[in-house]
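Q:
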Ligand SMILES: NC(=O)c1ccc[n+]([C@@H]2O[C@H](COP(=O)([O-])OP(=O)(O)OC[C@H]3O[C@@H](n4cnc5c(N)ncnc54)[C@H](OP(=O)(O)O)[C@@H]3O)[C@@H](O)[C@H]2O)c1
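Residue numbers (the numbering used here): 32 to 290.
#1: Ignore the nearest five residues each way along the sequence and tell me which others in residue 76's own chain have a CB closer than 7 angstroms to its CB.
#2: Determine, using beta carbons only, whether residue 14 and residue 283 come nearer to each other than 8 angstroms.
#3: Residue 124: buried (16+ other C-beta within 10 angstroms of its C-beta) or exposed?
#4: Flag residue 139 as yes if its beta-carbon sits less than 8 angstroms from any beta-carbon of chain C, otherwise no.
#5: If you compare alpha carbons, which of 135, 71, 129, 86 is closest to residue 46?
#6: Could you check if residue 212 is buried or exposed, using at least 16 other CB atoms within 10 Å of its CB as the buried criterion?
#7: Is it right to say residue 255 is buried, meaning 16 or more other beta carbons lie within 10 angstroms of its own, or is it exposed?
#8: Does the pairing of the stretch 78-93 with the stretch 44-63 give three or more beta-carbon distances under 8 angstroms?
#9: Could you round the C-beta distance between residue 276 and residue 220 to whole angstroms and report it? I think they count as a contact, below 8 angstroms.
#10: In the stretch 225-255, which residue ranges form an unbroken beta strand (DSSP E) of at least 3 residues, counting only runs that do not cross its ends?
#11: Going by the CB atoms, is the gap between residue 257 and residue 281 shorter than 8 angstroms?
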């Protein structure tokens, strides 16, 4: 088969959580351009409508579904709904995650710790169990988890540590499950992005403008990642092109971890 054909996704359906903005939207766009039909999830109805319209304008097959994935019961509801109304899912990208607070560990409330773990880890487990589990009898599947370089490296300016802890756990979940499900034809890999200019980081930059230059100066390439730069890697992991790769955590960081 010609090598570029290995990246084609016609006939495949992909679900991308947090697919309405930032890295999720760019991964959804890449998979859709390769021929996949895509299911996008998000919590904000306006962002869902806008993302759906953006991808539809490109001629892509897209459906959007609302769910607040900081709530484990919402993740369970979403998984059941997708199995019932939009099966089968061939490619699952567990992209939702992040943190909106920067509280030191000594002051971090238990409920905030739990909320960050639920948003970055628990919902990925729930959707993987539900939608990945349904891949087993079909003997083909791709699961891609969005970790972070903070799974291996505690950010100097970060506080609270629930975010790094959850991303570290997500990478180990990726590896352990990859070993379990290899026999079923399902690959499980993770992407560990470095700093990308998405809304999440624009918010931090808005609070402290020097942050933008400080981060860029700490990256050998001298700049932040552009969200579209994650699309090709997601497509590789989602497609037949990565048929011998499982349990890998691929760093995409402009060389950030080298310094
Ligand atoms: N950007 C980076 O530099 C960077 C670096 C390392 C790792 N990552 C990881 O990459 C992933 C994507 O990051 P990003 O920067 O693209 O994030 P983002 O710009 O904040 O976008 C997040 C997406 O997730 C959705 N979302 C947020 N909270 C949600 C919730 N409670 N329930 C459902 N959907 C929710 C948003 O949709 P709504 O607005 O509709 O809710 C949006 O589509 C995250 O897991 C993040 O930890 C990012």
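Even for Gly, the Cβ is constructed at its ideal location relative to N, Cα and C.
As the structure is a computational prediction, the values presented were derived from the model and not from experiment.
A: Quick answer:
#1: Numbered from 1 along the chain shown, position 45 holds the residue referred to as residue 76. Same-chain partners within the cutoff: 97.
#2: This structure leaves residue 14 out entirely; the chain is present only between 32 and 290.
#3: For the purposes of this step, residue 124 is identified with residue 93 of the chain shown, where counting begins at 1. Looking at its Cβ environment, which holds 16 or more other Cβ atoms inside 10 Å, residue 124 is buried.
#4: Absent from the structure: chain C. Only one protein chain is present.
#5: Residue numbering aside, residue 46 sits at position 15 when the chain shown is read from its first letter. Of the candidates 135, 71, 129, 86, the one whose C-alpha sits nearest the C-alpha of residue 46 is 71.
#6: Mapped onto the chain shown, residue 212 falls at position 181. It is buried - the Cβ of residue 212 has at least 16 other Cβ atoms within 10 Å.
#7: Taking the first residue of the chain shown as position 1, residue 255 is located at position 224. Buried: at least 16 other Cβ atoms inside 10 Å.
#8: yes
#9: Within the chain shown, residue 276 is the residue found at index 245, counting from 1. Within the chain shown, residue 220 is the residue found at index 189, counting from 1. With 8 angstroms as the limit, residue 276 and residue 220 qualify as a contact, their Cβ atoms being about 6 angstroms apart.
#10: none
#11: Residue 281 sits at position 250 when you count from the first residue of the chain shown. Residue 257 sits at position 226 when you count from the first residue of the chain shown. It is not a contact, given that the beta carbons lie outside the stated cut-off.
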